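**Q**
Below you can see the structure in the form of structure tokens.
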């Protein structure tokens with residue numbers, strides 16, 4: 001089975017532009033989470049989606065938005081890019097939503113490396 | 001105080017020795033803990049998860065959890081040069097209705113042949 005896939009792998013944008021990143025979860029996984037990883041730091045939570053609904057977001061400005069499609073793939077959009085948005089953007093999928101929340105193990109895709117000039 | 005803290009290293013260990021990686025967390029109610037390995041330029045790869053106090057072994061890897069001390073560790077036995085990577089400790093947390101992983105900054109491990 002294919003793992004989590006993300007596209008594109010690399011992206012270069014200039015300040016003020018907009019970017020869309022894409023993610024396809026592991027087959028059968030219904031929950032997708034997005035993380036931002038700045039060089040030298042651990043990943044930081046941005047969003048979680050389950051069954052096409054946003055379940056929560058981390059401490060990121062409204063310039064960051066996302067959505068999940070009926071096939072459970074997801075897009076992350078970032079508007080009005082800033083230099084500080086340069087990072088590795090990671091998508092993670094997990095299996096199901098149990099009474100205690102999503103099945104806990106999250107599997108990461110290869111990431112999209114975004115450079116803002 | 002950071003939610004999850006790790007020594008950033010670098011930690012240098014000779015080949016064949018035991019590498020010990022440590023992590024502390026601030027939320028006493030945390031229940032689920034994860035170790036990820038991240039090679040340079042790559043994404044995090046799950047190594048182990050642990051939910052109960054004590055030790056959990058998987059091959060050369062042992063995760064240890066002490067909830068009273070809010071401490072998680074990862075031991076790597078018979079360290080190999082291929083174990084050289086950054087090791088990320090993550091704790092399950094919640095924000096609004098979402099489950100999230102809260103990561104430490106990672107410990108960079110180098111295995112010297």
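Chains as they are written, first to last, in the working numbering: chain A, 1 to 117; chain B, 1 to 113. Ideal Cβ positions, reconstructed from N, Cα and C, are used throughout, including at glycine. From a predicted model like this one, the values you see are computed outputs, not experimental measurements.
1) So which residues of chain A does residue 43 of chain B contact, with C-beta pairs closer than 7 Å?
2) Could you name the residues of the same chain whose beta carbon sits closer than 7 Å to that of residue 97 of chain B, not counting the 5 residues immediately before and after it, in chain order?
3) Taking C-alpha atoms, which residue in A/105, A/65, A/58 lies nearest to residue 20 of chain A?
4) So, at 8 Å on beta carbons, what are the nonlocal neighbours of residue 52 of chain B in its own chain, with the 5 sequence-adjacent residues on each side left out?
5) For residue 6 of chain A, count neighbouring C-beta atoms within 10 Å of its own C-beta (all shown protein chains included) and say buried if the count is 16 or more, exposed if not.
6) Would you mind stating whether residue 24 of chain A and residue 48 of chain A have Cβ atoms separated by less than 7 Å?
7) Which residue's Cα is closest to the Cα of residue 119 of chain A: B/28, B/11, B/34?
8) CB residue 42 of chain A to CB residue 104 of chain B, shorter than 7 Å?
9) Would DSSP call residue 25 of chain A helix, strand or coil?
10) Quick one: what's residue 64 of chain A bridged to in DSSP?
11) Whole-angstrom Cβ separation of residue 77 of chain B and residue 18 of chain B, contact assumed at under 8 Å?
12) Are residue 93 of chain B and residue 100 of chain B close, meaning C-beta to C-beta below 7 Å?
13) Which bits of chain B does residue 126 of chain A rub up against, with CB to CB less than 7 Å?
14) Closer than 8 Å by beta-carbon distance: list the chain B residues that pair up with residue 55 of chain A, in chain order.
**A** Concretely, from the data shown:
1) 90, 108, 109, 110, 111
2) The same chain holds no residue with a CB closer than 7 Å to that of residue 97 of chain B once the five nearest residues on each side in sequence are set aside.
3) A/65
4) Within the same chain, Cβ atoms closer than 8 Å to the Cβ of residue 52 of chain B are found at 65, the five residues on either side in sequence being excluded.
5) buried
6) no
7) With chain A represented from 1 up to 117, any question about residue 119 of chain A goes unanswered, as that position is not in the structure.
8) Closer than 7 Å, so yes.
9) coil
10) Beta-bridge pairing links residue 64 of chain A to A/78.
11) 5 Å
12) yes
13) This structure leaves residue 126 of chain A out entirely; chain A is present only between 1 and 117.
14) 96, 97, 98, 99
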